[in-house]
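Here's the structure we're looking at; comments come further down.
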Amino acid sequence: MSRESPPTRTRRPRLGLLARIGLSLALVGLVPLAVAVGQLAGVNRAAMVDQLLRTHAVAAKSAAEAVDGFLEAPRALAEALANDPRLAGDAASAEAQAAVRDALAGWSAAGIAGIAVLDAADSVLLQARLRSAAETAGRLLTLPAAAEVTVSLEQGAHWVVVSAARPGGGRVRVLADGGPLARALDPVELGDQAHLLLLARDGTPVVGSAADLAALPAAAREAALSAQLSGAGRYEAEGPPRVAAWAVADAGRWIVASTQPAHVAEAAARRMLRRTVIALALAAALVAALSALAYQTLVRPVRALLASQRRFAVLSHEPVAAGSELEQLRGALTTLERHAKDREALGEVFLGRYQVVEILGSGGMGTVFRGWDPRLQRAVALKTVHLEPHVGTTAGAPGLLAEAIAAAQINHPNVVGIFDAEEVGEVAFVAMEYVDGIGLDRYLEERGQLDWTEVAPLGLAIARGLGAAHERSLVHRDVKPGNVLLGHDGGVKIADFGLAQFVTHRSERVGQVFGTPGFLAPEALMGHPYDPRCDLFALGVVLFRALAGRYPFAGASFKEIVVATVRNPSPGIDALPAGTPPALAGAVVGLLAKDPEERLGPASRLTELLEGVVREHSLTWRLDFGRSVAPGPAPALPPSANLPTIRMPAAGG
1 MSRESPPTRT
11 RRPRLGLLAR
21 IGLSLALVGL
31 VPLAVAVGQL
41 AGVNRAAMVD
51 QLLRTHAVAA
61 KSAAEAVDGF
71 LEAPRALAEA
81 LANDPRLAGD
91 AASAEAQAAV
101 RDALAGWSAA
111 GIAGIAVLDA
121 ADSVLLQARL
131 RSAAETAGRL
141 LTLPAAAEVT
151 VSLEQGAHWV
161 VVSAARPGGG
171 RVRVLADGGP
181 LARALDPVEL
191 GDQAHLLLLA
201 RDGTPVVGSA
211 ADLAALPAAA
221 REAALSAQLS
231 GAGRYEAEGP
241 PRVAAWAVAD
251 AGRWIVASTQ
261 PAHVAEAAAR
271 RMLRRTVIAL
281 ALAAALVAAL
291 SALAYQTLVR
301 PVRALLASQR
311 RFAVLSHEPV
321 AAGSELEQLR
331 GALTTLERHA
341 KDREALGEVF
351 LGRYQVVEIL
361 GSGGMGTVFR
371 GWDPRLQRAV
381 ALKTVHLEPH
391 VGTTAGAPGL
401 LAEAIAAAQI
411 NHPNVVGIFD
421 AEEVGEVAFV
431 AMEYVDGIGL
441 DRYLEERGQL
451 DWTEVAPLGL
461 AIARGLGAAH
471 ERSLVHRDVK
481 PGNVLLGHDG
491 GVKIADFGLA
501 QFVTHRSERV
511 GQVFGTPGFL
521 APEALMGHPY
531 DPRCDLFALG
541 VVLFRALAGR
551 YPFAGASFKE
561 IVVATVRNPS
571 PGIDALPAGT
581 PPALAGAVVG
591 LLAKDPEERL
601 GPASRLTELL
611 EGVVREHSLT
621 WRLDFGRSVA
631 PGPAPALPPS
641 ANLPTIRMPA
651 AGG
């Protein structure tokens with residue numbers, strides 16, 4: 001008699017999925033608000049008044065700085081004209097009149113409305129006014145005034161006259177629109193019942209009404225007029241408590257003062273507390289609504305899935321995962337994954353003569369798989385290319401096959417070998433050498449930047465591969481870190497040569513450029529033919545990125561990258577890390593030359609230079625994830641650094 005094992009029982013979770021979701025939402029949404037409510041409830045009247053006092057101190061200081069900034073333009077103009085040698089002689093001369101007219105025309109955009117040149121008796125020798133303010137300027141420029149700066153209110157508009165003494169006697173007066181000055185003293189940002197005014201040293205308001213002056217406590221006014229620095233205080237002796245602050249302007253000749261009733265702070269505290277309580281109630285309602293939505297859209301389906309999995313487990317005599325719903329779901333997915341792998345082992349998929357094993361990656365044109373060649377018993381890489389028709393081109397599989405055959409003739413250790421090319425329906429694929437390693441793009445992401453002792457042999461390998469292709473009149477068109485494969489065995493190989501002619505045909509429409517922004521040469525972006533020198537420019541970008549840890553031409557968008565590549569100067573040797581050998585640094589900078597005629601080339605010349613560096617220092621290339629290089633400036637990666645190759649309009653088109 002056989003002994004049966006007791007059935008496996010699922011222990012009930014202490015805290016279900018719905019409870020966890022609700023608790024998480026409450027912690028995120030309610031706890032911060034509850035803490036804020038508690039803090040606001042504990043805020044006392046003195047603290048709020050102190051905060052209001054600091055606000056007025058900042059407002060007064062900011063307004064004083066704005067006043068000083070406003071006066072800079074008219075004062076600079078007045079002093080410049082007062083010392084202008086053209087005005088030192090006959091003020092009625094054509095030369096003097098031209099100087100004043102030119103000054104008014106040049107400074108009118110800064111709010112200057114009129115200029116007057118006066119003699120020692122304040123008689124007008126020369127005057128220029130804007131037509132829009134001719135009447136006002138004519139009157140204000142000739143009013144007797146001993147002060148260097150005067151402010152007048154004409155029909156609701158403020159005007160400022162700034163004077164500068166002439167070396168030979170007399171003065172130059174400049175009339176400016178005082179609108180910015182009045183706006184700087186607008187107390188709207190301070191809230192209700194606030195007053196902000198500009199006082200002269202004798203206590204008269206320069207900008208501000210009698211009501212503004214009356215609102216300022218007398219004690220605060222006396223303290224402001226006697227002070228040479230900024231200050232603030234709370235005043236209760238003259239009625240309801242008020243706060244006041246002041247700051248000096250125009251080198252102490254003016255004072256900016258602000259004031260407001262202290263009870264405004266208490267009212268603000270009550271409003272804040274009331275609004276926060278309302279926000280807390282709304283947040284609680286939102287948490288409840290989200291919990292209900294999570295139950296309908298997530299918890300119920302998960303529980304239904306788990307119930308089905310438990311029924312299946314009972315029928316198949318498999319153990320049921322214990323724990324919470326999430327733990328049970330994880331166990332169910334593990335079981336489904338195991339079943340899928342078992343089925344995949346029985347039903348292997350073949351495409352022609354190659355067996356597809358797994359996906360390695362995907363891009364804008366197709367997908368790369370790791371495959372197996374049963375006939376030759378070797379691993380291969382299979383790249384699919386979509387052959388959907390494009391406007392203006394009839395290229396398809398024949399163009400792809402022809403280029404694959406041409407690329408297959410490149411038998412070089414630094415170029416990924418091409419084995420085969422076939423067409424199946426609207427998809428073509430290339431069977432190529434499988435490189436067991438990592439792409440240079442991912443390697444740079446993990447390392448950040450490389451030492452020059454690594455960049456020199458790496459660049460030499462890429463240059464040799466490009467040279468072998470260029471000797472056969474084959475250009476790559478998309479040299480970038482993602483198309484450089486680094487094998488664990490120390491190999492460095494350039495990939496995707498087999499697609500060069502194919503993408504050329506696909507992008508031969510007028511005004512289009514194929515490639516990756518940031519790596520495309522300036523002449524290619526301008527619509528000129530793509531030749532081997534463009535490949536060398538892209539190699540220069542790759543080597544600069546590896547050495548400096550950033551890209552030479554970066555931007556926040558494709559357009560900014562294109563503009564930077566075409567217009568910005570190429571980085572010099574000083575942009576590379578200190579200690580880089582001159583030969584290597586010169587080669588990288590030479591590859592980045594904007595003019596293709598000045599660019600380092602051909603690839604054989606670059607190979608000779610890098611061979612000299614490698615031979616002189618006995619360098620070899622190998623992957624080294626544990627090596628660290630002291631980083632320079634933070635990498636400025638263009639958006640294209642991790643994006644697929646695209647077709648884009650030429651910059652000159």
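Quick note: the sequence shown, position 414, residue 414 per my numbering, numbers continuous. Each residue gets a CB set at the ideal place from its N, CA and C atoms; glycine is no exception.
DSSP, reduced to helix, strand and coil, places Trp452 within a helical segment of the structure shown. In this structure, Leu141 sits near Arg173, with a CB-CB distance shorter than 7 Å. Annotation: Pro167 to Pro240 spans about 53 Å, alpha carbon to alpha carbon.
Boundaries for Leu126: no alpha helix (DSSP H) harbours it, while the beta strand (DSSP E) harbouring it runs 124-129, taken from the DSSP string.
Of the other Cβ atoms in all chains shown, fewer than 16 fall within 10 Å of the Cβ of His617; this residue is therefore exposed. DSSP, read as helix, strand or coil, puts Lys61 in helix. For the pair Phe558 and Pro517, the CB atoms are nearer than the 7 Å cut-off.
Spanning the alpha carbons of Ala64 and Arg550 requires a straight line of approximately 44 Å. In this structure, the beta-carbon distance from His158 to Leu181 falls below 7 Å. When only Cα atoms are considered, Gly590 and Arg378 end up about 41 Å apart. Beyond the five residues adjoining it in sequence on each side, Thr259 comes within less than 6 Å, by CB distance, of His195, Ala215, Leu216, Arg242, Ala244 in the same chain, given in chain order.
When rounded, the separation of the alpha-carbon atoms in Val380 and Gly465 is 20 Å. Less than 7 Å separates the beta-carbon of Leu198 from that of Val256. Under a 10 Å Cβ-count criterion, Ser226 is classified as exposed, with fewer than 16 other Cβ atoms of the shown protein chains found around its own Cβ. Contact annotation: Ala60 and Trp246 have beta-carbon atoms nearer than 7 Å.
Less than 7 Å separates the beta-carbon of Val207 from that of Leu185. Taking 8 Å as the upper bound for CB-CB distance, Ala587 and Ser570 are not in contact here, some 13 Å apart. Listed in chain order, the non-local C-beta contacts of Pro74 below 7 Å within the same chain comprise Ile112, Val160, Val162, Val174, Ala176, local neighbours out to five positions each way being set aside. In the structure shown, His476 falls within a coil segment according to DSSP collapsed to helix, strand and coil. Between the beta-carbon of Gly439 and that of Leu382 there is about 17 Å, and that puts the pair past the 8 Å contact cut. When the beta-carbon positions are compared, Leu543 and Gly459 come within less than 7 Å of each other.
Distance from Ala456 to Asn414 at the Cβ level is roughly 15 Å; contact not present, criterion being Cβ atoms closer than 8 Å. The three-state secondary structure of Ala113, taken from DSSP, is strand. Excluding residues up to 5 positions away in sequence, Gly487, His488 lie with their Cβ nearer than 7 Å to the Cβ of Asp436 in the same chain. Boundaries of the beta strand (DSSP E) harbouring Pro205: 205-207, taken from the DSSP string. Inter-residue distance for Gly203 and Ala220 is about 12 Å (C-alpha atoms, whole angstroms). In this model, Asp535 and Leu376 are separated by some 34 Å (Cα to Cα). Shown here for Ala224: same chain residues with a beta carbon closer than 6 Å to its own, the five before and five after excluded, namely Trp246, Ile255, Ala257 in chain order. Taking the C-beta atoms as reference points, Ala82 is found no nearer than 7 Å to Arg101. Taking 7 Å as the cut-off, the beta carbon of Arg86 is found no closer than this to the beta carbon of Ala78. For Gly487, the uninterrupted beta strand (DSSP E) run begins and ends at 484-487, by DSSP. Of the other Cβ atoms in all chains shown, 16 or more fall within 10 Å of the Cβ of Ala137; this residue is therefore buried. Remark: C-beta atoms of His470 and Ala578 do not approach each other more closely than 7 Å. Looking only at Asp119, Ala88, Glu135, Val151, the smallest Cα-Cα distance to Val67 is reached by Val151. Assignment of beta-bridge partners to Ser258 by DSSP yields Leu196, Ala245. DSSP, read as helix, strand or coil, puts Glu95 in helix.
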